[in-house]
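Undergrad: Going by this note's numbering, the first residue of the sequence shown is number 327, and it counts up by one from there. Note that beta-carbon positions come from the ideal geometry of N, C-alpha and C, so glycine has one too. No experiment lies behind these values; they were computed from the predicted model shown. Once you've had a glance at the structure underneath, I'll fire off some questions.
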Amino acid sequence: MIPYGRQDITESDIAAVTDVLRSDYLTQGPAVPRFEQAVADYCGAAYGVAVNSATSALHIACLALDLGPGERLWTSPNTFVASANCARYCGAEVDFVDIDPRTYNLSVEALAAKLEQAEHDGRLPKIVIPVHFAGQPCDMPSIHALGQHYGFHVIEDASHAIGGKYKGESIGNGRYSDITVFSFHPVKIITTAEGGMGLTNDAELANKMALLRSHGITRDPAQMTRAPDGPWYYQQIELGFNYRMTDLQAALGVSQMARLDHYVARRHKLAARYDALLVDLPVTRPWQHPDSYSGLHLYVIRLQLDQIRKTRREVFDALREQGIGVNLHYIPVHTQHYYQQMGFKAGDFPEAERYYAEAISLPMFPTMTEAEQDQVIAVLESVLT
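Here you go:
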């Protein structure tokens, strides 16, 4: 089976993790701040806060921005559920903004129209989370400008997008958002096995996220409400969580960062080759905005079902049966049972639903060979024609 995604672990990665295993620190040692600095420096951000998953990063990012009950967070329906669930963890309400039919990202036009109505109704969001789907950045200058006008915060869900750029600048630099979140799951661009990170240029937000990831506990006397009893003393000043990244994971991340640009460049070569090989098949290839340099975490095609004598399910099953590990990204979040219990229903966000009805993610990972890619195309052609 050719999987839709696969991590690349090298001998240098193994050596980096082995060095930590032989050291005095397995959990909270020097590798975590080293990884935070490496990612922040690469992206051009001031601070990085490493955690055990991007889901955790989204949660503490929302808490750092004081999202709470009675407030609202908006995001894209075309994402993994974590982009919306982070609001529910805070007791806040969730709503969605339909997607752009070409980029599959949150539509700025739909956002602007929804904000105008929400201002009239007195129900503006406190936070908007644009999701850089498949690694392609959203139209962040426009979203930022709307945030300035309507007074909401912006968290970039860049779980797919480390190594990408917008108008020549690295995603994660914080120019258009309060916080950017990355994922380091094994199928993402680089991996720490599991892990995530929040980047920000705001020292207060960084300190708050760092506090929340570790039980709300500080050892800094300047943050305590009274003088410490001694050098052993710590004080819990917030209700936090055990969201810490280990030194083992961070060491892997530091090692992987050395190959980040290579991984993204390789994904671009594979995508260009897919584009050429798919030109005569009844599929819609992913469109890339000229202002963006995508991380290309995913290569998603849309089946032109009016030209294919099969359903999407039949195509999907046939590909899997012949060893092509296709996948689907994503089931629109508002159609999930949990969110339908809140009143969302099919038809609420038609572009996301149309996209979902036609989408299939083809295998895409940096160690993929041209022979494997040829096999994907050959099987897909046999299934579609």
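Applying the criterion that 16 or more other CB atoms from any shown protein chain within 10 Å of the CB defines a buried residue, is Asp-546 buried or exposed?
TA: In the sequence shown, the residue the question calls residue 546 occupies position 220. Its Cβ having fewer than 16 others within 10 Å, Asp-546 is exposed.
Undergrad: Does the Cβ of Arg-593 have 16 or more other Cβ atoms within 10 Å, making it buried, or fewer, making it exposed?
TA: On the sequence shown, position 267 is the one that residue 593 refers to. The residue in question, Arg-593, is buried, as its Cβ has 16 or more Cβ neighbours within 10 Å.
Undergrad: Measure the alpha-carbon distance for Gly-522 versus His-511 and round it to whole angstroms.
TA: What you label residue 522 is simply residue 196 of the sequence shown in a count that begins at 1. What you label residue 511 is simply residue 185 of the sequence shown in a count that begins at 1. The alpha-carbon atoms of Gly-522 and His-511 are separated by roughly 8 Å.
Undergrad: With C-beta atoms as the reference, is Ile-516 less than 8 Å away from Gln-582?
TA: Within the sequence shown, the letter at position 190 stands for residue 516. Within the sequence shown, the letter at position 256 stands for residue 582. Against a cut-off of 8 Å, the Cβ pair of Gln-582 and Ile-516 comes out as a contact.
Undergrad: Using the Cα positions of Ala-390 and Ala-380, report the straight-line distance between them to the nearest angstrom.
TA: On the sequence shown, residue 390 is found 64 positions in, with the first residue counted as 1. On the sequence shown, residue 380 is found 54 positions in, with the first residue counted as 1. So the alpha carbons of these two residues sit roughly 15 Å apart.
Undergrad: What residues are listed by DSSP as bridge partners for Tyr-665?
TA: Position 339 of the sequence shown holds residue 665. Beta-bridge pairing links Tyr-665 to no other residue.
Undergrad: Beta-carbon separation of Arg-539 and Arg-570 under 8 Å?
TA: Looking up residue 539 in the sequence shown gives position 213. Looking up residue 570 in the sequence shown gives position 244. Contact flag set, yes.
Undergrad: Which ranges does the alpha helix (DSSP H) cover as unbroken runs of at least 4 residues, wholly within the stretch 403 to 437, from first to last along the chain?
TA: Here the runs fully enclosed are 408 to 415.
Undergrad: Just reading off the beta strand (DSSP E) that Ile-469 is part of, what are its end residues?
TA: Sequence index remark: in the sequence shown, residue 469 carries index 143 (1-based). Taken as a continuous stretch (DSSP letters only), Ile-469 belongs to no beta strand (DSSP E), being part of the alpha helix (DSSP H) at 466 to 476.
Undergrad: Does DSSP put Tyr-600 in a helix, in a strand, or in coil?
TA: By 1-based counting over the sequence shown, the position of residue 600 is 274. Tyr-600 falls in the helix class under three-state DSSP.
Undergrad: Taking the alpha helix (DSSP H) that Val-343 belongs to, which residues open and close that run?
TA: Reading the sequence shown from its first residue, position 17 is the one you call residue 343. Run containing Val-343: 337 to 347, per the alpha helix (DSSP H) assignment.
Undergrad: Along the chain, which unbroken stretches of the beta strand (DSSP E) at least 3 residues long are found entirely within the stretch 501 to 535?
TA: Listed in chain order, they are 505 to 509 and 522 to 526.
Undergrad: Taking the CB atoms as reference points, tell me whether Ala-366 and Ala-357 lie closer together than 8 Å.
TA: Walking along the sequence shown from the start, residue 366 turns up at place 40. Walking along the sequence shown from the start, residue 357 turns up at place 31. Contact flag unset, no.
Undergrad: Would you say Gly-773 and Ser-620 are within 8 Å of each other, going by their C-beta atoms?
TA: In the structure as shown, the chain starts at 327 and stops at 711, and residue 773 therefore has no counterpart that could be examined.
Undergrad: DSSP puts Tyr-492 in a beta bridge; with which residues?
TA: What you label residue 492 is simply residue 166 of the sequence shown in a count that begins at 1. According to DSSP, which records beta bridges pairwise, Tyr-492 is partnered with Glu-495 and Ser-618.
Undergrad: How would you label Glu-482, buried or exposed, when you count the other beta carbons within 10 angstroms and need 16 or more for buried?
TA: For the purposes of this step, residue 482 is identified with residue 156 of the sequence shown, where counting begins at 1. The residue in question, Glu-482, is buried, as its Cβ has 16 or more Cβ neighbours within 10 Å.
Undergrad: Per DSSP, which residues does Val-659 bridge with? Please list them.
TA: Taking the sequence shown and counting its residues from 1, one reaches residue 659 at position 333. Note: Val-659 sits in no beta bridge, so no partner.
Undergrad: What is the DSSP secondary structure of Ala-376, counted as helix, strand or coil?
TA: Sequence index remark: in the sequence shown, residue 376 carries index 50 (1-based). It is a strand residue.
Undergrad: Based on DSSP bridge pairs, tell me the residues matched to Tyr-625.
TA: Within the sequence shown, numbered from 1, the residue matching residue 625 stands at position 299. The partner list for Tyr-625 (beta bridge, DSSP) reads Leu-688.
Undergrad: Just curious, the beta strand (DSSP E) that Arg-398 is in, first and last residue?
TA: Here the question's residue 398 lines up with position 72 in the sequence shown. First-last of the beta strand (DSSP E) with Arg-398: 398 to 401.
Undergrad: Are the Cβ atoms of Thr-405 and Val-457 separated by less than 8 Å?
TA: As a position in the sequence shown, residue 405 is number 79, starting the count at 1. As a position in the sequence shown, residue 457 is number 131, starting the count at 1. It is a contact, given that the beta carbons lie within the stated cut-off.
Undergrad: Please classify Met-327 as buried or exposed, where buried requires at least 16 neighbouring CB atoms within 10 angstroms.
TA: Here residue 327 is taken as the residue at index 1 of the sequence shown, counted from 1. So Met-327 counts as exposed.
Undergrad: Identify which residue in Thr-344, Asp-426, Tyr-330 and Gln-561 has its Cα closest to the Cα of Ala-576.
TA: For the purposes of this step, residue 576 is taken as residue 250 along the sequence shown, with counting starting at 1. Nearest C-alpha to Ala-576: Thr-344.
Undergrad: Comparing C-alpha positions only, which one of Ala-704, Asp-674, Ala-519 and Gln-562 sits nearest to Asp-424?
TA: Mapped onto the sequence shown, residue 424 falls at position 98. Measuring from the Cα of Asp-424, the nearest candidate turns out to be Asp-674.
Undergrad: If you pair each beta-carbon of the stretch 677 to 684 with each one of the stretch 385 to 404, do three or more pairs fall below 8 Å?
TA: Counting Cβ pairs under 8 Å, three or more are found: they touch.
Undergrad: Considering only their Cβ atoms, is the gap separating Lys-452 from Arg-398 smaller than 8 Å?
TA: Your numbering for residue 398 matches position 72 in the sequence shown. Your numbering for residue 452 matches position 126 in the sequence shown. Yes, they are a contact pair.
Undergrad: Could you work out which residue in Arg-449, Thr-572, Asp-528 and Asn-568 is closest to Asp-350 when comparing CA atoms only?
TA: Here residue 350 refers to the residue found at position 24 when the sequence shown is read from its first residue. Cα-wise, what sits closest to Asp-350 is Thr-572.
Undergrad: Please work out which residues of its chain come closer than 7 Å, Cβ to Cβ, to Ala-364, disregarding the five sequence neighbours upstream and downstream, and give them in chain order.
TA: By one-based count along the sequence shown, residue 364 stands at place 38. Within the same chain, Ala-364 has close Cβ partners Val-580 and Met-583.
Undergrad: Can you give me the C-alpha to C-alpha distance between Phe-642 and Ile-657, rounded to a whole angstrom?
TA: Position 316 of the sequence shown, counted from the start, is the residue given in the question as residue 642. Position 331 of the sequence shown, counted from the start, is the residue given in the question as residue 657. Distance between the alpha carbons of Phe-642 and Ile-657: 15 Å.
Undergrad: Start and end of the beta strand (DSSP E) containing Glu-482?
TA: Working through the sequence shown from its first residue, we reach residue 482 at position 156. Segment 479 to 483, the beta strand (DSSP E) holding Glu-482.
Undergrad: Pairing CB atoms from the stretch 485 to 495 with CB atoms from the stretch 426 to 438, are three or more of them under 8 Å?
TA: At 8 Å Cβ cutoff, the stretches do not touch.
Undergrad: Could you check whether the Cβ of Arg-398 sits closer than 8 Å to any Cβ belonging to chain B?
TA: The chain inventory of the structure shown lacks chain B, comprising one protein chain alone.
Undergrad: Out of Cys-369, Phe-361, Ile-340 and Arg-348, which one is the CA nearest neighbour of Asp-587?
TA: If you number the sequence shown from 1, residue 587 lands on position 261. Ranking the options by Cα distance to Asp-587, first place goes to Cys-369.
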